[in-house]
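A.B. asks: Mind having a look at this structure? Questions to follow.
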Amino acid sequence: MTDSTGLVSRAQQGDLSAFELLVETYQNRIFSHCYRLTGSYDDAQDLAQEVFIQAYKHLNTFRRDADFGTWLYKIARNQWINKTRQKKVIAISSDESLFTQNGEFAREIAASEESPLEKLERDEYYGLVRQALMSLTPEYRSVLVLRDMEGYTYEEIAEIVDCSLGTVKSRLNRARRIMRDQVDAVKRSIE
Amino acid sequence: MNCLEIQEMFSAQLDNELSREDAGTLHKHLEICRGCSEEWQEWQRIFGALHSMGERDITAPSGFSSSIMAQIRRENSPSPRINRKRLKQAAIGTAAALLLVSGSMLLKPAPVVNIADMQPSIQSSNDIQPEANLPIADQGSSQTLPIQVASSQPDDSSPVEKSLPTEQGKVLSTGSAEFTSSNDHIVLSTFLKIQVDDAKAAEKRALILAQSQGASVQSLGQQSEGGNIYLVDKFVVNSTQAPGLRDSLAGLGSTISSQEQKEDLNYRYSELLGLLISLEGQRNIEQNNEKIGSLDQQIEQIKKQLRSWDKRSGEQTIVLWIQQ
Chain E
315 MTDSTGLVSR AQQGDLSAFE LLVETYQNRI FSHCYRLTGS YDDAQDLAQE
365 VFIQAYKHLN TFRRDADFGT WLYKIARNQW INKTRQKKVI AISSDESLFT
415 QNGEFAREIA ASEESPLEKL ERDEYYGLVR QALMSLTPEY RSVLVLRDME
465 GYTYEEIAEI VDCSLGTVKS RLNRARRIMR DQVDAVKRSI E
Chain P
196 MNCLEIQEMF SAQLDNELSR EDAGTLHKHL EICRGCSEEW QEWQRIFGAL
246 HSMGERDITA PSGFSSSIMA QIRRENSPSP RINRKRLKQA AIGTAAALLL
296 VSGSMLLKPA PVVNIADMQP SIQSSNDIQP EANLPIADQG SSQTLPIQVA
346 SSQPDDSSPV EKSLPTEQGK VLSTGSAEFT SSNDHIVLST FLKIQVDDAK
396 AAEKRALILA QSQGASVQSL GQQSEGGNIY LVDKFVVNST QAPGLRDSLA
446 GLGSTISSQE QKEDLNYRYS ELLGLLISLE GQRNIEQNNE KIGSLDQQIE
496 QIKKQLRSWD KRSGEQTIVL WIQQ
């Protein structure tokens, strides 16, 4: 957890430069999170921007005893779920296994010890897993991103998702089982 | 315990949340049940992959915090409030107006922008619909149009410089004139997998073809395995030459697969260009040197991003996988 209490306090008193420092501190974490949720660089940019704008607008509702990063994650999740509900569709991401958002071959950022064939197979598998993840409902995808990709604890997820510890565990269990089935479904669809 | 009950434990086991007793039961079962053991391995593979994907560094695009702060400052300014939808349209309208003005005043080979063509290509996430038929004056009414920048200059057919001196010696920023908001900011990439009889010979021919099309080449790796040879090369080529090169490369063998990825940058480009114009407007009326310096930094960052998108839009990447 980043100690941002002083900056938050100054920002709440109208200090824009303090808020700018908060944006700079959290922008990569929030952008990554948005990218993992949406599966799209463009959507992530829109969502992350909206997160910080909303955070600024509602800064006075933030309790200083809470963690600012967790609060931003909560805004991100709520904004994203609202957006997906408005659109009533959940986009299946394009295959990230082959290209990164810069159009570069994803294998270039892979571990250097692997052979080209191993790298390609690994990236193809990642693409498949990613596609399965993108097919989950926002509620299930959100807990998987938080727990399995970003390593948050049950307690932190409960705070972000705004539910009990028991609900986090059962939702995570359910999300993983569905994810497991979806990986098979994606495999079948491309065979 | 039966297999279903055992598999109910997988999620907790991934998080090391099982009691010692339950973990022992699980392990004993996995030792004697092949089905559950394979299923557990698949779970580890899937969630291990998610974990590894989560470790990849993803950073916010350059100029991200600046664009947020510029938006907040605009919304905080005492000028009449306009909603976000209007603000986006206003920024685009401002861009169009300045481009038209700078085009006519400075006799630069003008990037003529027609408002009717300025509708952003709406990305899947975007819930903002373009408002058609908004007159320029209405769209830009709450923006400071830096028209005086252009009108203060003598007619000159030379290219527009990044900054222009005024009579008072103050340097005005007009660098946005180098950018054009059009609908051709689309980045294309192709992954082409071909089967050939002789991989080395095919690669050699591929390099000759690439050279003839002026493409840059990067070898991504090669491998021999069980009598098979795999070679992977990346070509970056001018967009106009790309279809020809792709077809020629496909003709080197039989195509196993060909996948294209299209990244539409048009909307982001228009938005960022609108922001650039707006910042230049602020910068040109700003008196405080410190704030001018900060605005110049933001302007430079945005221009860097726009230039990078301009460059990428003019090129196409082809990754060629040759297997023998």
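Protein sequence lines, in the order shown, are assigned to chains E and P.
If you're matching positions, the first sequence starts at 315 in the working numbering and goes up one per residue.
If you're matching positions, the second sequence starts at 196 in the working numbering and goes up one per residue.
Don't be surprised by glycine CBs; every beta carbon is placed ideally from N, CA and C.
1) Please go through the same chain and pick out, in chain order, the residues whose beta-carbon is closer than 7 Å to the beta-carbon of VAL391(P), but skip the five residues on each side of it.
2) So is ARG444(E) in contact with chain P if we call contact Cβ pairs under 8 Å?
3) Closer than 6 Å by C-beta to GLN413(P): which residues in its own chain qualify, once you throw out the five before and the five after it? Chain order, please.
4) Cutting at 7 Å between CB atoms, please list the residues of its own chain near LEU426(P), excluding the five before and the five after it.
5) Put ASP210(P) into one of helix, strand or coil per three-state DSSP.
6) For ILE474(E), name the three-state secondary structure that DSSP assigns.
7) Rounded C-beta distance between GLN470(P) and ILE497(P)? I'm assuming under 8 Å.
8) Have a look at LEU444(P) and ARG444(E) and give me their C-alpha separation to the nearest angstrom.
9) Thinking C-beta only, is SER384(P) closer than 8 Å to GLN511(P)?
10) Taking the beta carbon of ASN423(P) as the centre, do at least 16 other beta carbons fall within 10 Å, making it buried, or is it exposed?
11) Chain P beta carbons: is any one of them nearer than 8 Å to that of VAL457(E)?
12) Would you call the CB atoms of SER456(E) and ARG399(E) closer than 8 Å?
13) Could you check whether the stretch 366-383 of chain E touches the stretch 338-351 of chain E, counting it as contact only if at least three pairs of C-beta atoms, one from each stretch, sit closer than 8 Å?
14) Are there 16 or more other CB atoms within 10 angstroms of the CB of LEU467(P), so buried, or fewer, so exposed?
15) Report yes or no: do three or more beta-carbon pairs, one from the stretch 253-269 of chain P and one from the stretch 489-508 of chain P, lie closer than 8 Å?
16) Check this for me: beta carbons of ILE513(P) and VAL432(P), under 8 Å apart or not?
17) For LEU213(P) versus ASP462(E), is the C-beta spacing smaller than 8 Å?
18) In the DSSP assignment, find the alpha helix (DSSP H) that holds ASN271(P) and state where it starts and stops.
19) Please check if any C-beta of chain P sits within less than 8 Å of the C-beta of SER408(E).
20) Between VAL482(E) and chain P, is there a C-beta pair that is closer than 8 Å?
21) Using the rule of at least 16 other Cβ atoms within 10 Å of the residue's Cβ for burial, across every protein chain shown, is LEU199(P) buried or exposed?
22) Just how far apart, CA to CA, sit TRP235(P) and GLY219(P)?
23) Strictly below 9 Å CB to CB, what residues from chain E border THR254(P)?
24) Return yes when at least one heavy atom of the ligand NAD lies under 7 Å from the C-beta of GLU495(P), else no.
25) Anything in chain P within Cβ reach of GLN368(E), meaning under 9 Å, just list it in chain order.
26) In the structure shown, what three-state DSSP assignment does TYR425(P) receive?
27) Compare the beta carbon distance of PHE345(E) and ALA325(E) with 8 Å and say whether it is the shorter of the two.
C.D. replies: This is what the structure gives:
1) The count along the second sequence starts at 1 and reaches residue 391(P) at position 196. If we look at VAL391(P) and ignore the five residues flanking it on each side, its Cβ neighbours are ALA397, LEU447, GLY448, ILE517, GLN519.
2) Position 130 of the first sequence, counted from the first residue, corresponds to residue 444(E). For ARG444(E), the closest Cβ of chain P is nearer than 8 Å.
3) For the purposes of this step, residue 413(P) is identified with residue 218 of the second sequence, where counting begins at 1. Taking GLN413(P) as the centre and dropping the five residues before and after it, the same chain places the C-beta of LYS429 closer than 6 Å to its C-beta, in chain order.
4) Against the second sequence, residue 426(P) aligns to sequence position 231. Taken in chain order, the residues that qualify are ALA394, GLU398, GLN417, ILE517.
5) In the second sequence, residue 210(P) corresponds to position 15, counting from 1. Note: ASP210(P) maps to coil in three-state DSSP.
6) Within the first sequence, residue 474(E) is the residue found at index 160, counting from 1. Three-state result, ILE474(E): helix.
7) Counting from one through the second sequence, the residue named residue 470(P) turns up at place 275. Counting from one through the second sequence, the residue named residue 497(P) turns up at place 302. The question names Gln, yet the displayed sequence has Leu at residue 470(P). With a beta-carbon spacing of about 6 Å, LEU470(P) and ILE497(P) fall inside the 8 Å limit used to define contacts.
8) Locating residue 444(P) in the second sequence gives position 249, counting from the first residue. Locating residue 444(E) in the first sequence gives position 130, counting from the first residue. Each residue's Cα considered, the two are about 30 Å apart.
9) Taking the second sequence and counting its residues from 1, one reaches residue 511(P) at position 316. Taking the second sequence and counting its residues from 1, one reaches residue 384(P) at position 189. Yes, these two residues count as a Cβ contact at 8 Å.
10) Walking along the second sequence from the start, residue 423(P) turns up at place 228. ASN423(P) should be labelled exposed.
11) In the first sequence, the residue the question calls residue 457(E) occupies position 143. So, not an interface residue.
12) Position 142 of the first sequence, counted from the first residue, corresponds to residue 456(E). Position 85 of the first sequence, counted from the first residue, corresponds to residue 399(E). Contact: no.
13) Because the criterion of three Cβ pairs below 8 Å is met, the stretch 366-383 of chain E and the stretch 338-351 of chain E touch.
14) Position 272 of the second sequence, counted from the start, is the residue given in the question as residue 467(P). Counting the other CB atoms within 10 Å of its CB gives LEU467(P) a total of 16 or more, which places it among the buried residues.
15) Verdict: yes, contact present.
16) What you label residue 513(P) is simply residue 318 of the second sequence in a count that begins at 1. What you label residue 432(P) is simply residue 237 of the second sequence in a count that begins at 1. Closer than 8 Å, so yes.
17) Translated into the one-based positions of the second sequence, residue 213(P) becomes position 18. Translated into the one-based positions of the first sequence, residue 462(E) becomes position 148. For the 8 Å CB-CB criterion, LEU213(P) and ASP462(E) do not form a contact.
18) On the second sequence, position 76 is the one that residue 271(P) refers to. Looking at the DSSP string, the run of the alpha helix (DSSP H) that includes ASN271(P) is 259-271.
19) Working through the first sequence from its first residue, we reach residue 408(E) at position 94. No answer about SER408(E) holds up, because its pLDDT of 33 lies below 50 and its placement is not dependable.
20) Within the first sequence, numbered from 1, the residue matching residue 482(E) stands at position 168. No, because no Cβ of chain P sits closer than 8 Å to the Cβ of VAL482(E).
21) As a working note, residue 199(P) is residue 4 in the second sequence. LEU199(P) is exposed by the Cβ-count criterion.
22) Mapped onto the second sequence, residue 235(P) falls at position 40. Mapped onto the second sequence, residue 219(P) falls at position 24. Just so you know, the alpha carbons of TRP235(P) and GLY219(P) end up roughly 15 Å apart.
23) If you number the second sequence from 1, residue 254(P) lands on position 59. Contact note: THR254(P) reaches chain E through GLN341, ASN342, PHE345, SER346, using a C-beta cutoff of 9 Å and chain order.
24) Judged by which ligands are present, the structure shown has none, so any question about the ligand NAD falls away.
25) Residue numbering aside, residue 368(E) sits at position 54 when the first sequence is read from its first letter. Neighbours of GLN368(E) on chain P: none; closest Cβ ~11 Å, over 9 Å.
26) Locating residue 425(P) in the second sequence gives position 230, where the first residue counts as 1. TYR425(P): strand per DSSP, three-state reduction.
27) Working through the first sequence from its first residue, we reach residue 345(E) at position 31. Working through the first sequence from its first residue, we reach residue 325(E) at position 11. Cβ atoms of PHE345(E) and ALA325(E): not closer than 8 Å.
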